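K.L.:
Each residue of the sequence shown is one higher than the last, beginning at 1127 in the working numbering.
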Amino acid sequence: MKPSVKIYVLATIIAIIAFAVSCKKSPDDGNGSNNGGNGMVEMTPYEWISPYGFDDIVIPEDNKLYVERIALGKQLFYDNRLSNNGESCNTCHVQSMGFAAEGLSDFDNGQAKMPLMNLAWHKNFMWSGRVSGTLEHVMEVELTKRFSTDINKINAIADYRDKFRKYYGVNEIGVQDLSKALAQFMRILVSKNTKYEKALIGQAQFTFEEMKGRELFFNEKGDCFHCHVHFLTTDDMLHNNGLDSIYTKQIDKGYFNVSGNPADLGKFRTPNLRNVALRSNYMHDGRFKTLEEVVEFYDHQAHRGIPNIDPNMVKSNHEYGLGLTEEEKMYLVAFLKTFTDTVMVNEPMFRQD
Ligand code: HEC
Ligand code: HEC
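Now the structure itself:
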């Protein structure tokens, strides 16, 4: 080898090594860890314990739960500067109502304001299941589509810049960073203290009516449990429960609006029934005002003859309805009220500071 070639080879090797070293990641350049890199401070890990009877959850590696990040997410949730019209998340998601609110939302073409709880176990979101994936992704949708969040405005707030640097190691806040922090707060909104579950572990006792209602909910006569499954009260799947035979409003078409597939007409994600008694309008468009009306619907008003009806709605000779007596309807309503979680709706950790 000529000396000039040797030098060239050597120089190339040195350049490659130098490049490799410069590319090597610092021990923490992600948002998952807690070692104080990138201007981050040491944080207090939030110890997640899945409640009795619940599955484990998946927490994204790059958004591990810390007490400080959860507090930041809560601060954002209650801050109307995220929007440009004075709204905060709390405008439509109020703790005392299980993080739902009265009335319908114009922005959502007249859909009811959804409750927020036990979302950590979901993969499908929104009434129609139109968003799927992680809570981080759902938050990005709420921020960009609903709020058109002005990221420059957020970056101009020194408090947020400081906190995102300390807790996420970022200097310039992006929508993804806001989404991560909000997702932390969403994830810990857990309902696990209803009478429904306390009675199972002997910490509460059902009344006679509630017990009868529970039987109906879980037996083939009432047959609610195939979709509103134990303990979450939702299977997180899409079903047509027979609300309509003709889909007059766009929002009534459900998942069809996403897939364009006629087989998805009128399909909605099974909603969580926790705290259902705290609300005053039911179904995606709030068409029923009381739980009594909902039970009447399931008893004999559902359109069980339509092509898309879910098989669970017509099981065990239910083609013509459930055939409930007046007492049985009352029992079911009494049982639905045991899904109320007064601990959650009063939890100081969820409350606005
Ligand atoms: C103007 C009322 C309104 C505001 C403000 C609002 N939401 Fe919502 N939110 C809704 C409605 C309505 C839905 C259901 C929309 C749909 O199904 O298409 C919803 C759905 C959701 C869901 C999905 C719940 C589920 O069970 O799938 C989450 C999570 C959520 N909102 C969080 C937030 C957060 C966080 C903010 C603030 C960044 C926010 N929302 C602001 C009305 C609102
Ligand atoms: C085939 C699955 C399925 C079965 C069986 C079923 N549901 Fe539902 N339920 C749903 C779906 C899907 C919705 C939401 C429809 C919508 O968004 O318009 C719903 C909505 C509800 C709501 C309104 C919740 C809210 O947040 O507005 C209540 C209450 C309810 N169901 C109770 C019951 C009871 C009681 C039974 C048994 C008598 C039952 N369901 C049987 C799938 C089912």
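Built from N, CA and C at the ideal position, the CB exists for glycine as well. Here the structure is a predicted model, which is why all the values come from computation and not from measurement.
#1: Name the residue from D1188, V1384, R1313 and V1301 whose alpha carbon lies nearest to the alpha carbon of S1209.
#2: Roughly how many angstroms lie between the CA atoms of E1187 and L1242, to the nearest whole one?
#3: Quick check: what's the CA-CA separation for K1151 versus N1189?
#4: Between V1409 and ligand 1, is the CB less than 6 angstroms from at least one heavy atom?
#5: If the criterion is Cβ atoms closer than 7 angstroms, does the pair L1269 and T1260 meet it?
#6: To the nearest angstrom, report how far apart F1233 and H1365 are at their CA atoms.
#7: Is the beta carbon of M1243 within less than 6 angstroms of some heavy atom of ligand 1?
#8: List the residues that DSSP assigns as beta-bridge partners of P1171.
#9: Is the separation between the beta-carbon of S1254 and that of G1380 shorter than 7 angstroms?
#10: Restricting to runs no shorter than 4 residues, where is the alpha helix (DSSP H) found entirely within the segment 1376 to 1401?
#11: Is Q1331 helix, strand or coil when you go by DSSP?
#12: In the structure shown, what three-state DSSP assignment does N1161 receive?
#13: Pull the bridge partners of H1365 from the DSSP assignment, please.
#14: Quick one: measure Cβ to Cβ for S1231 and C1215, integer angstroms, because I've assumed they're closer than 8 angstroms.
#15: Enumerate in chain order the residues of its own chain whose CB-to-CB distance from M1470 is below 6 angstroms, with the five nearest sequence positions on each side excluded.
#16: Go through its chain and collect everything with a Cβ distance to T1466's Cβ below 7 angstroms, but skip five positions before and after it.
#17: Since N1216 is in the alpha helix (DSSP H), which residue starts that stretch and which ends it?
#18: What does S1231 pair with, by DSSP beta-bridge criteria?
#19: Alpha carbon to alpha carbon, how far is C1353 from H1429?
#20: Could you name the residues of the same chain whose beta carbon sits closer than 7 angstroms to that of F1311, not counting the 5 residues immediately before and after it, in chain order?
#21: Taking Cβ positions, are D1303 and V1296 nearer each other than 7 angstroms?
#22: Using beta-carbon positions only, say whether F1334 and A1325 come within less than 7 angstroms of one another.
#23: Which residues does DSSP pair with F1414 in a beta bridge?
#24: Which residue from I1327, V1193, T1359 and D1378 puts its Cα closest to that of N1235?
#25: On the three-state DSSP scale, how would you describe A1226?
#26: Evaluate I1435 with the Cβ neighbour count: other Cβ atoms within 10 Å of its Cβ, from every protein chain shown; 16 or more gives buried, anything less gives exposed.
P.N.:
A quick look at the data gives this:
#1: The shortest CA-to-CA distance from S1209 to any of D1188, V1384, R1313 and V1301 is the one to V1301.
#2: Whole-angstrom Cα-Cα distance: 23 angstroms.
#3: Below a pLDDT of 50, predicted positions are generally treated as unreliable, and K1151, at 36, falls in that range; no measurement from the model is reported.
#4: Before going further, note that residue 1409 is Met rather than Val in the sequence given. M1409: no, Cβ never under 6 angstroms from ligand 1.
#5: With contacts defined by Cβ atoms closer than 7 angstroms, L1269 and T1260 do not form a contacting pair.
#6: Each residue's alpha carbon lies about 24 angstroms from the other.
#7: Every heavy atom of ligand 1 is 6 angstroms or more from the Cβ of M1243, so no.
#8: In the DSSP assignment, the residues bridged to P1171 are Y1192.
#9: The Cβ atoms of S1254 and G1380 lie closer than 7 angstroms to each other.
#10: 1382 to 1385, all fully within the segment 1376 to 1401.
#11: Note: Q1331 maps to coil in three-state DSSP.
#12: With a pLDDT of only 46 at N1161, under 50, the local geometry of the prediction cannot be trusted, and no value is derived from it.
#13: Per DSSP, F1394.
#14: Not really, about 12 angstroms apart at Cβ, beyond 8 angstroms.
#15: Closer than 6 angstroms at Cβ, skipping near neighbours: S1317.
#16: Cβ neighbours of T1466 beyond the five flanking positions: T1320, N1401, A1403 and L1404.
#17: Here the alpha helix (DSSP H) through N1216 covers C1215 to C1218.
#18: DSSP lists Q1237 as partners of S1231.
#19: So the alpha carbons of these two residues sit roughly 17 angstroms apart.
#20: Within the same chain, F1311 has close Cβ partners I1196, G1199, K1200 and F1203.
#21: For D1303 and V1296, yes; Cβs fall inside 7 angstroms.
#22: The Cβ atoms of F1334 and A1325 do not sit closer than 7 angstroms to each other.
#23: Partner(s): Y1408.
#24: Ranking the options by Cα distance to N1235, first place goes to D1378.
#25: A1226: strand per DSSP, three-state reduction.
#26: Residue environment analysis places I1435 among the buried positions, since at least 16 neighbouring C-beta atoms fall within 10 angstroms of its C-beta.
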